[in-house]
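The next block holds one structure in the form of structure tokens; read it before the comments.
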Amino acid sequence: MESFDITLPSHDLDSEFDVIVYGTRGVPVIAFPTFDFSAGSWENGGMVDAIASLIDDGKVQLFAVDSADAQSWYARNSDLDYRAERQSGYLSFVADELLTYVGKTNGSSAKPILAGCGVGATNAAAVLFRDPSRWGGLLALSGAYDARFYSDGVANDEWLSCSPIDLLETLSDAQIETLKALPIAFVCGQAPDEQGIETQRRLDTLAAERGLEATFEYWGYDVTHSWGWWQQMAEQFLPALLEPAGLARRKYDYVKTRADIAAGHLEDVKAAAEQRLEEEKAAEAHAEQCKADVVAKTEVADKAGALARDAWEQRNAVAAQLAALDKQANDLQVAADAAAHALADAQWFAGEAREKLAAAHAARIEAEGRVEEAEGRVEEAQAEADKADEVKKSYESEVEDLEAAAHEKAPAAQKPTARKNVAKRPSRPAAKKPAPTGKKPASKHPAKAPAPKSEQ
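Residues in the sequence shown are numbered consecutively from -9, following this note's numbering.
This is the structure we're talking about:
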């Protein structure tokens, strides 16, 4: 496939646009880009390969051109007057400079077919509806055909002069007649990302109102806004646009196919209805059987209900008993907690008492030791006292013996009449004092001494 590229100036926009030409002869087709706005959009998206056989066979010469969409349709942050001016200038560039170049390069008398995908379909339709007399047909794939779609509903007169729906509505009857002679096809899928589908439906309705029998096809709900589906659409529709009455035959085939599908669906519905009827009859018989079963089961259910009510009453009674037992258990737990607390206090006091008892026992043992020691000393003192009494008695006996001897030896006249002149008796040695024991000391007279305490 031969191809080359050139650059064309736009006097209205004071800028330049690239054009890539594929093939050397055939019906000229002007392809408007989408997504990247560049002349290489169709080649990058696989569209050139999809129609390569038409180009290689000399049936089509393709002219892929840059767009000004970045300054118009998609310049949402720019002033609408500026956007409308850039878009209107671009459409004028296509109708003037580009059309002139295509005519000179192609060398045939055939009028160019306009083709585009996505926003390229919007541009192609706008160029056609601005002046239908200059063009040979239209293939618009998945476009949005209301300029308000790109401006959030805001519009001015120049903006609407670029809007396919508004242009079609204002065309004269003569221009409509011109369009009726052209092959025109609008195609889109019905997947959720086909956001311009409602504008195509509105355009479809408007075309019918204006008497324009263009082709409008809505592919399946799985057909997305993507190059893969556009390639299939171009492969099927571009040859139909090139053949006389090609779209009419496709429309007939499309309607026939849909009719066949509808007929097949009708047969399926009929078969399903018949099957449903049989199922209904069987269901009716089954329903009678079920009715009898329901009566029998209702009686069983009533009995079961009575049993269930009794069971619930018993359950409620048991629940009440359980609630009472729970209360008793809670009360017992409170009492147990109090008893445990009292036990802990008693154990603490018992510990203190045991400590005091141990101390008292130790003190008692110590006191008993001191008592034993004191009793020993008392016994020693008693022994000393007994010894002293014996000494006393010995002295008294000696004194009495001495007095008796003296009385016998002395003359009667000299015998004393009293004991006053008797020599003095030696004094009795003092009894040894016992060591202090903290008790009252024992009496010096043995007869009056207290008896020792017995062991406790």
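Where a beta carbon is used, it is the ideal one built from N, C-alpha and C, also for glycine. Everything numeric in this text was worked out from a predicted model, so none of it was measured.
Rounded to whole angstroms, ASP163 and GLU270 show a C-alpha spacing of 58 Å.
The Cβ atoms of LEU169 and PRO102 lie no closer than 7 Å to each other. The three-state reading of DSSP puts SER28 in coil, since its state is none of H, G, I, E or B. With respect to TRP63, VAL109 sits close: the two C-beta atoms are nearer than 7 Å. The segment 81 to 88 and the segment 127 to 136 do not touch, with fewer than 3 CB-CB distances between them shorter than 8 Å.
Proximity of the segment 67 to 81 to the segment 31 to 51 falls short of the contact definition, fewer than three beta-carbon pairs being nearer than 8 Å. Inter-residue distance for ARG15 and ASP46 is about 9 Å (C-alpha atoms, whole angstroms). Between GLY127 and ALA114, the C-beta gap is not smaller than 7 Å, which leaves the two residues out of contact.
If you draw a straight line from the Cα of ALA309 to the Cα of LEU333, it is about 35 Å long. In this chain, TYR140 is not harboured by any alpha helix (DSSP H), its DSSP state being neither H nor E.
Residue environment for HIS215: buried (at least 16 other C-beta atoms within 10 angstroms of its C-beta). The segment 145 to 153 makes no contact with the segment 172 to 181, as fewer than three CB pairs between them are under 8 Å. Listed in chain order, the non-local C-beta contacts of LEU81 below 8 Å within the same chain comprise ASN113, ALA116, VAL117, ARG120 and CYS152, local neighbours out to five positions each way being set aside. Residue range 205 to 208 is occupied by the beta strand (DSSP E) that includes THR205.
Looking at the DSSP output, GLN51 sits in a beta bridge with PRO18.
The C-alpha of ALA326 lies about 20 Å from the C-alpha of PHE339. Our two residues, ASP283 and ALA253, have alpha carbons roughly 43 Å apart in a direct line. For PRO(-1), the enclosing beta strand (DSSP E) starts and ends at -7 to 0. Take the alpha-carbon of ASP4 and the one of ARG76: they are about 10 Å apart. Counting the other CB atoms within 10 Å of its CB gives PRO23 a total of 16 or more, which places it among the buried residues. When secondary structure is reduced to three states using DSSP, SER5 falls in the strand class. Residues of the same chain with their beta carbon placed closer than 6 Å to that of VAL324 are lacking, with the five preceding and five following residues left out of the count. The beta-carbon distance between ILE155 and LEU193, rounded to whole angstroms, is 6 Å. This is short enough to meet the 8 Å contact definition. DSSP places ILE155 in no beta strand (DSSP E) but in the uninterrupted alpha helix (DSSP H) bounded by 154 to 160. In this structure, ASP(-5) keeps its C-beta atom at 7 Å or more from the C-beta atom of PHE27. By alpha-carbon distance to SER98, the top candidate from VAL50, SER141 and VAL55 is VAL50. Taking the CA atoms as reference points, LYS377 sits about 15 Å from ARG367. Cβ atoms of LEU52 and TYR12 come within 8 Å of each other, at about 4 Å.
Rounded to the nearest whole angstrom, the C-alpha separation of GLN265 and ALA277 is 17 Å.
Only buried fits ARG240, as 16 or more other CB atoms lie within 10 angstroms of its CB.
Our two residues, LYS382 and GLU390, have alpha carbons roughly 12 Å apart in a direct line. According to the DSSP assignment, ALA105 belongs to the beta strand (DSSP E) that extends over 103 to 107. Nearest to GLU33 by alpha-carbon distance, out of PRO18, VAL55 and VAL17, is VAL55. Residue environment: ASN320 is assigned as exposed (fewer than 16 neighbouring CB atoms within 10 Å of its CB, all protein chains considered).
If you compare the alpha carbons of LYS94, ALA375, ALA137 and VAL19 with that of ARG66, the shortest gap goes to ALA137.
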